[in-house]
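Undergrad:
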Amino acid sequence: MIKIAPSILSADFSAMGEAIKKLEKSGADLVHCDVMDGSFVAPITFGGQMVKNIRPLTKLPLDVHLMIEHPKTQIKFFADAGADIITVHYEACAKISPAYLRETLELIRSYGVKCGAVVNPDVDIERIFDVFDIADMVLIMSVFPGYGGQKFIPTALENVKKARAYADSIGRTDMDIEIDGGVNLENAAQIRAAGANVLVAGSAVFGAEDMAAAIAKIRG
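Per the working numbering, the very first residue in the sequence shown carries number 68; after that it's consecutive.
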């Protein structure tokens with residue numbers, strides 16, 4: 068099943084409640100929340116309070132993508148705020164210790180929240196094969212994290228293909244393979260064909276005249 072997760076990074080922050088409600092009416096499957104700390108990536112976006120504030124506004128799952136250093140320190144805040152899935156970057160975890168990624172995923176699960184691991188476009192997905200057994204999702208970046216509206220990096224599709232093949236080979240056919248960055252109406256079919264089943268889209272959804280039509284076209 069193909070799922071669309073519009074990124075609220077592209078929404079009007081002064082009218083976030085309206086944006087969330089419109090996403091739900093337009094057929095979105097998840098709400099993607101890009102959390103940036105000003106350290107792992109240059110910008111600062113928002114923290115757990117934003118997630119807590121939008122939680123009562125929608126029944127859609129909140130897909131919280133932590134682009135932050137030391138993610139383990141923030142898991143409780145986002146779990147308590149109402150996140151349904153929390154994904155953390157391999158790159159941030161690998162700086163700390165080889166075991167830090169698995170430890171963080173286990174911590175997320177301990178709160179009853181789904182967990183996922185993320186890799187940047189220049190990191191081979193094989194680096195996180197060792198956590199496929201506990202991850203509910205793997206997120207493959209198709210731009211370098213930090214800013215919305217970037218152009219899709221086609222080589223990321225190789226990571227998608229490898230991730231789907233490996234997940235299938237270990238019996239994890241239920242695993243969500245998510246892709247984030249530069250997803251639009253022109254490349255969505257190619258992305259789906261590579262094996263991604265969760266597509267994050269920001270400007271392609273929020274910049275569309277007809278949000279529902281854009282979501283439907285990206286879903287295919």
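Every residue gets a Cβ at the ideal spot worked out from N, C-alpha and C, and that includes glycine.
Roughly how many whole angstroms lie between the Cα atoms of Asn251 and Ala263?
TA: Residue 251 sits at position 184 when you count from the first residue of the sequence shown. Residue 263 sits at position 196 when you count from the first residue of the sequence shown. If I take the Cα positions, the gap works out to 14 Å.
Undergrad: Name the residue from Met242, Thr222 and Ala223 whose alpha carbon lies nearest to the alpha carbon of Arg231.
TA: Along the sequence shown, one-based indexing puts residue 231 at 164. Cα-wise, what sits closest to Arg231 is Met242.
Undergrad: Express the C-alpha separation of Arg194 and Leu127 in angstroms, rounding to a whole number.
TA: For this step, residue 127 is matched to residue 60 along the sequence shown. For this step, residue 194 is matched to residue 127 along the sequence shown. One C-alpha to the other measures close to 31 Å.
Undergrad: Would you kindly report the start and end of the unbroken beta strand (DSSP E) that includes Glu245?
TA: In the sequence shown, the residue the question calls residue 245 occupies position 178. Here the beta strand (DSSP E) through Glu245 covers Asp243 to Asp247.
Undergrad: Over the uninterrupted beta strand (DSSP E) stretch that includes Asp151, give me the two end residues.
TA: Counting from one through the sequence shown, the residue named residue 151 turns up at place 84. No beta strand (DSSP E) contains Asp151, which DSSP labels as neither H nor E.
Undergrad: Are the beta-carbon atoms belonging to Ala202 and Leu224 less than 8 Å from one another?
TA: For this step, residue 202 is matched to residue 135 along the sequence shown. For this step, residue 224 is matched to residue 157 along the sequence shown. In terms of Cβ geometry, Ala202 and Leu224 do not form a close pair [threshold 8 Å].
Undergrad: For Ser236, count neighbouring C-beta atoms within 10 Å of its own C-beta (all shown protein chains included) and say buried if the count is 16 or more, exposed if not.
TA: In the sequence shown, the residue the question calls residue 236 occupies position 169. Classification of Ser236: exposed, given that the 10 Å Cβ count is below 16.
Undergrad: For the beta strand (DSSP E) holding Leu266, just list the boundary residues, first then last.
TA: Residue mapping note: residue 266 aligns to position 199 of the sequence shown, counting from 1. Start and end: Val265 to Ala268.
Undergrad: Reducing DSSP to helix, strand and coil, say where Lys181 ends up.
TA: Position 114 of the sequence shown holds residue 181. In this structure, Lys181 counts as strand in the three-state DSSP scheme.
Undergrad: Less than 8 Å between the CB atoms is what I'm expecting for Ala148 and Gly105, so what's the real figure, rounded?
TA: Position 81 of the sequence shown holds residue 148. Position 38 of the sequence shown holds residue 105. Not a contact, Cβ separation roughly 19 Å.
Undergrad: Should Pro123 be labelled buried (16 or more other beta-carbon atoms within 10 Å of its own) or exposed?
TA: In the sequence shown, residue 123 corresponds to position 56, counting from 1. It is exposed - the Cβ of Pro123 has fewer than 16 other Cβ atoms within 10 Å.
Undergrad: Could you check what DSSP says for Ser81 in three-state terms: helix, strand or coil?
TA: Along the sequence shown, read from residue 1 onward, the residue named residue 81 stands at position 14. The answer is helix: DSSP assigns Ser81 an H, G or I state.
Undergrad: Go through the stretch 155-205 residue by residue and report every complete run of the alpha helix (DSSP H) that reaches 4 residues or more, in order.
TA: Whole alpha helix (DSSP H) segments, 4+ residues: 157-161 and 167-177.
Undergrad: Kindly indicate which residue of Val98, Gln141, Ala279 and Glu85 has the alpha-carbon position closest to the one of Leu174.
TA: As a position in the sequence shown, residue 174 is number 107, starting the count at 1. The shortest C-alpha separation from Leu174 is found at Gln141.
Undergrad: Based on the DSSP output, what are the partners of Asp277 in its beta bridges?
TA: Along the sequence shown, one-based indexing puts residue 277 at 210. DSSP output for Asp277 lists no bridge partner at all.
Undergrad: Determine the DSSP secondary structure at Ile285, reduced to helix, strand or coil.
TA: Numbered from its first residue, the sequence shown carries residue 285 at position 218. Helix.
Undergrad: Identify, in the order they occur along the chain, each residue of the same chain with its Cβ nearer than 6 Å to the Cβ of Ala146, setting aside the five sequence neighbours on each side.
TA: Working through the sequence shown from its first residue, we reach residue 146 at position 79. Answer for Ala146: Tyr178 and Val180, listed in chain order.
Undergrad: When you compare only the Cα positions, how much space is there between Val272 and Ile282?
TA: Taking the first residue of the sequence shown as 1, we reach residue 272 at position 205. Taking the first residue of the sequence shown as 1, we reach residue 282 at position 215. CA-CA distance, Val272 to Ile282, rounds to 6 Å.
Undergrad: Assign Phe107 to buried or exposed, taking buried as 16 or more other Cβ atoms, counted over all protein chains shown, within 10 Å of its Cβ.
TA: Position 40 of the sequence shown holds residue 107. Within a 10 Å sphere around the beta-carbon of Phe107 sit 16 or more other beta-carbons, which makes this residue buried.
Undergrad: Apart from the five residues just before and just after Gly94, which ones in its own chain have a Cβ nearer than 7 Å to its Cβ?
TA: Working through the sequence shown from its first residue, we reach residue 94 at position 27. Closer than 7 Å at Cβ, skipping near neighbours: Ala279, Ile282 and Ala283.
Undergrad: Would you mind sorting Thr154 into buried or exposed? The rule is 16 or more other CB atoms within 10 Å of its CB.
TA: Indexing the sequence shown from 1 puts residue 154 at position 87. Thr154 is buried by the Cβ-count criterion.
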